[in-house]
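Residue numbers (the working numbering), protein chains in the order written: chain A, 508 to 789; chain B, 795 to 1158.
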C-alpha cells in the first residue's frame, strides 16, 4: 500500500517533470554547449570547441563592467527591498489594525499591473521634464533638471518598487509565524525592545530574509525590461546583453556564455541560501 | 501573617469598549503560592500580564513592595514568567535560553555558567545545556522554561497555565515538583489555571475569577466549605443547591424553608441574613449520609437511588426526593454502598449545609 501511494505520488509529479525537462533542462543544456562553440558570421556558429567566448566576456573591460554592474544593481536592489520591506512586513505581521487588509492589498497591487506600465510610471516621474525635476526646480533647489533617468539609481529605484512584494511576503510569513510569547518572554527576562529585536525577532525571521533576498537578487540579475527602459544604453545589464546578442547581433555563442555566467551567479546565490538556511534549520 | 509584597489595587483593563478585567484587588504575600483560578475568558491571563508589565492597566495601581510599578516596562520588573507553550527561543540552545536573563543583566560570563548549571540541576535537567528546545520533550521544555524564569532570582514567579500542555501523568508529577521547588526557594508565586484540582493541590490561597472580577479569595478549604457566591459553589467541586427563604436567623445559624418543603438549619458564617431573604442551601455530596432505616432523633428524608456511577474509590449516587428534586451524593466504595442499586429506597441525612445569597440577596 505504501509502495502504491508512493508510485501514484510520483505519477503526480510527471507533468511538472516533463515541463522542467522541456522548458528548463533542455535550453540550459543547449546554451551550456553553445557557449563553447565558435562564432561564425555566416553560419551563426560552428561546432568547434573554443574558450574564446568566455575569454572575451571576462577579458574585455566592456563585458566585465556589465557583469560587475549587474551584480552591483542586484545587490543594491536587494538591500533596498530589505530596508523598505522589513518594517512594512513587521508592521503587517504585528498590527491588529483594521487597515491591515488594505495594506496587504496595496503590497500585492503592483503585481497586478504589468512591469511595463509600472516602469513607464517611473519614467514619467524621473524624466528631465518629469514630476521630480519639476518639483525640485519649482522649489528652486536645482537650476537645471537632474539626470536621474538613464542612471543606475533610476534602475534600482524602479526595481525596488517592482520587486518589493517578493521581499515582503517571505518576510511577512516568517514574522507572522513567530509565537508572540517569545517577545514577551524576552521582555520579562530583561530585554528592551531593541535587544528583543536583535536577539529574538531578527534571528527568527532569517528564513524570510534569505528567501526574499534570494528571490529579489535572482530576479534583478535576470531583469531585462526595466533596466532597458530605465537605464537605456548607459546602464547595460546581463539580461539586455543576452537579448541584444541573441536578437540583433546574432552572436549566439557569446550570448550563451553571458547566460552561463548569469545562471552561475544565480545558482551561487541559491546555494548560499540553502547552505545558510539549512545550517540552523534543525 | 506574612508581609504583602505585591498588590493590585482596583486594576481595570478594557479591550475597546468591552471590559477585560476589573476592578481587581489582589495581594500576594511573601513566599506564598497564590492561584488565579477561573474559566477561560475570566481575565486570569490578562491579570498575570498586568503583573508582568506586558499590559498596562487602564485604571488602578500595581504596587511591588513600597514601589508603584503600574507603568514600569516589563524588562525592569524582575519577574519570572513561565508560559503555557513554554516560549523557549527555538534558535538558542538550552544553555543560552537559561542564560538569556543573566546576559541581559550583564552578569559576568563565569558566573553565568555556574548559575545556569545549578538551576538546570535544580529543575532536574542536568546535561542538556547544548541541546536545542526542539530536541526536548514537552516536560523537559517546561522545566527549561522554569529554569529560565528562576535563574534571574525574580521577586515574584509567574506561571501561566504551565502544566496544561503536558499529559495527565506528567502533569501530576510536575504539580508536586513545582510546589516542592517553590517552597524550597520560598519564592512568592502567582499561578494561573482553569483546573480546580491543580489550584487546590498546590496553593496556599486561591483567587477565584469570573468575567474579569474576583468572586472570592481564600484558602482551598475556605473556598470549598464556604463559597461566597453561586458561581463559586458550582465552579469548585460538586454541589447541591436548593432554593429557599430564610425563616429565622440567630447569629451564624439560620433556618431556611426550602423549595422541597424541608426546613434546614444551616450555617451562614459572616453573613447578615434576615427573615425573608432569598437564599440557596448548599450541600456538598459527601456530606449526605445514607442509612437503610429511618433514623431515630435525626432529620432525614426518604429518597430513591436514581443513578449510580462507580469510579473505583468513590461511588456517586443521584438521589430522587419525594418532591422530585435530584441530589448528588458521593460515598466511599465499600460493601454497604456498593450494594445500593438504582431503585433502592434509603434515608438521607444531611450532615452539614451552608447558605448562599440568591438574586443578589446578602452581601456579595
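Quick reminder that beta carbons are idealized off the backbone N, C-alpha and C, glycines included.
A quick note: this is a predicted structure, and the numbers were derived from the prediction, not measured.
Residue i versus residue j - alpha carbon distance
i: residue 667/A; j: residue 586/A; result: 9 Å
i: residue 1151/B; j: residue 1010/B; result: 14 Å
i: residue 552/A; j: residue 658/A; result: 35 Å
i: residue 913/B; j: residue 978/B; result: 13 Å
i: residue 561/A; j: residue 651/A; result: 43 Å
i: residue 800/B; j: residue 841/B; result: 13 Å
i: residue 641/A; j: residue 520/A; result: 55 Å
i: residue 1059/B; j: residue 819/B; result: 34 Å
i: residue 998/B; j: residue 874/B; result: 19 Å
i: residue 789/A; j: residue 696/A; result: Because the pLDDT at residue 789/A is just 38, under 50, the model does not fix this residue reliably, and the point stays unresolved.
i: residue 1145/B; j: residue 896/B; result: 56 Å
i: residue 929/B; j: residue 686/A; result: 18 Å
i: residue 1026/B; j: residue 1002/B; result: 7 Å
i: residue 967/B; j: residue 974/B; result: 11 Å
i: residue 584/A; j: residue 663/A; result: 5 Å
i: residue 608/A; j: residue 672/A; result: 15 Å
i: residue 735/A; j: residue 747/A; result: 7 Å
i: residue 807/B; j: residue 850/B; result: 8 Å
i: residue 1114/B; j: residue 1021/B; result: 25 Å
i: residue 783/A; j: residue 802/B; result: 48 Å
i: residue 694/A; j: residue 779/A; result: 33 Å
i: residue 705/A; j: residue 698/A; result: 10 Å
i: residue 622/A; j: residue 654/A; result: 23 Å
i: residue 1160/B; j: residue 940/B; result: Past the edges of chain B, shown from 795 to 1158, lies residue 1160/B, and the structure says nothing about it.
i: residue 964/B; j: residue 933/B; result: 7 Å
i: residue 637/A; j: residue 630/A; result: 8 Å
i: residue 883/B; j: residue 942/B; result: 11 Å
Of the listed residues the options, nearest to residue i (C-alpha basis)
i: residue 935/B; options: 960/B, 1018/B and 906/B; result: 960/B
i: residue 922/B; options: 1004/B, 896/B, 890/B and 945/B; result: 890/B
i: residue 1036/B; options: 827/B, 1147/B, 816/B and 878/B; result: 1147/B
i: residue 548/A; options: 758/A, 770/A and 778/A; result: 758/A
i: residue 911/B; options: 938/B, 926/B and 1116/B; result: 938/B
i: residue 865/B; options: 879/B, 845/B, 992/B and 949/B; result: 845/B
i: residue 949/B; options: 1125/B, 984/B and 927/B; result: 984/B
i: residue 578/A; options: 745/A, 780/A and 782/A; result: 745/A
i: residue 1045/B; options: 856/B, 1062/B, 1015/B and 901/B; result: 1062/B
i: residue 762/A; options: 530/A, 522/A, 541/A and 725/A; result: 541/A
i: residue 613/A; options: 689/A, 676/A, 725/A and 722/A; result: 676/A
i: residue 600/A; options: 712/A, 559/A and 544/A; result: 712/A
i: residue 774/A; options: 523/A, 512/A and 535/A; result: 535/A
i: residue 1075/B; options: 1121/B, 1105/B, 1111/B and 1091/B; result: 1121/B
i: residue 1004/B; options: 1102/B, 796/B, 814/B and 810/B; result: 814/B
i: residue 620/A; options: 582/A, 646/A, 670/A and 604/A; result: 670/A
i: residue 1105/B; options: 1090/B, 1124/B, 945/B and 1096/B; result: 1124/B
i: residue 1118/B; options: 880/B, 940/B and 1096/B; result: 1096/B
i: residue 1133/B; options: 1103/B, 1049/B and 1153/B; result: 1103/B
i: residue 826/B; options: 834/B, 798/B, 837/B and 847/B; result: 798/B
i: residue 821/B; options: 1015/B, 1029/B, 1131/B and 804/B; result: 804/B
i: residue 573/A; options: 738/A, 755/A, 628/A and 781/A; result: 738/A
Residues bridged to residue i (per DSSP)
i: residue 801/B; result: 821/B and 857/B
i: residue 1126/B; result: 1108/B
i: residue 534/A; result: Answer is none; residue 534/A lacks a bridge partner.
i: residue 830/B; result: 986/B and 1001/B
i: residue 1082/B; result: 1144/B
i: residue 587/A; result: Answer is none; residue 587/A lacks a bridge partner.
i: residue 1010/B; result: 1002/B
i: residue 872/B; result: Paired residue(s): none; residue 872/B is not in a bridge.
i: residue 556/A; result: 544/A
i: residue 1096/B; result: 1141/B
i: residue 1025/B; result: For residue 1025/B, which the question treats as bridged, DSSP gives no partner whatsoever.
i: residue 1120/B; result: 1114/B
i: residue 1047/B; result: 1044/B and 1061/B
i: residue 954/B; result: 986/B
i: residue 862/B; result: 857/B
Closer than 8 Å to chain D by CB, residue i
i: residue 934/B; result: Here the protein chains are A and B, and chain D is not one of them.
Anticipated Cβ contact below 8 Å, residue i with residue j, distance rounded
i: residue 981/B; j: residue 951/B; result: 5 Å
i: residue 760/A; j: residue 545/A; result: 7 Å
i: residue 1136/B; j: residue 1108/B; result: Contact flag wrong, Cβ pair sits at about 17 Å.
i: residue 716/A; j: residue 689/A; result: Residue 716/A to residue 689/A, Cβ: 17 Å. No contact.
i: residue 887/B; j: residue 926/B; result: 6 Å
i: residue 1039/B; j: residue 1008/B; result: The pair is not a contact, with the Cβ atoms about 28 Å apart (cut-off 8 Å).
Pairing CB atoms from the stretch 1131-1140 of chain B with CB atoms from the stretch 1072-1087 of chain B, are three or more of them under 8 Å? Counting Cβ pairs under 8 Å, three or more are found: they touch.
Taking 8 Å as the cut-off, does the stretch 815-835 of chain B touch the stretch 851-859 of chain B (at least 3 CB pairs, one atom from each stretch)? yes
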